[in-house]
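Structure first, commentary second.
Here you go:
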């Protein structure tokens, strides 16, 4: 019986030790993946109940800084995309409701530099 990852028809599926197909969020070997209702592994942006996540090309959930087409996003340790004001280490940042990092501008009276850091 096949268990673990299965590539079928160009999509990846995860099968349990009993051979059943998993769906939803699954932690496999310490890495989080999202498998849709049919069990297919998702990649790219995922909106779940109003919270955005990013699953990279290998399907694993992204955390930390993410650059796409010249725009930066920040994803928490739980994978959720940040918006509004937030602190990373000792620096403050602002991301618009789209998740895009504000850079070289003034937001709510506070200036952020080209790296998006409040100065």
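Residue numbers (full-length UniProt numbering): 1 to 119.
No residue lacks a Cβ here, since even glycine has one placed at the ideal position from N, Cα and C.
{"Check": "My output table needs one value for residue 111: the three-state DSSP class, helix, strand or coil.", "Outcome": "strand"}
{"Check": "Does residue 105 come out as helix, strand or coil in the three-state DSSP assignment?", "Outcome": "strand"}
{"Check": "In this structure, how does DSSP classify residue 116 when only helix, strand and coil are distinguished?", "Outcome": "coil"}
{"Check": "What's the call for residue 18, buried or exposed, on a 16-neighbour Cβ count within 10 Å?", "Outcome": "exposed"}
{"Check": "Exposed or buried, residue 60, counting other C-beta atoms within 10 Å across all chains shown (16 or more means buried)?", "Outcome": "buried"}
{"Check": "With DSSP collapsed to three states, give me the class of residue 61.", "Outcome": "strand"}
{"Check": "Whole-angstrom Cβ separation of residue 39 and residue 22, contact assumed at under 8 Å?", "Outcome": "7 Å"}
{"Check": "Considering only residues of the same chain and omitting the five flanking positions on each side of residue 11, which have a CB-CB separation below 6 Å?", "Outcome": "40"}
{"Check": "Nearest-angstrom Cα distance between residue 35 and residue 46?", "Outcome": "11 Å"}
{"Check": "If we ignore side chains and look at the alpha-carbon of each, how far apart do residue 43 and residue 56 end up?", "Outcome": "6 Å"}
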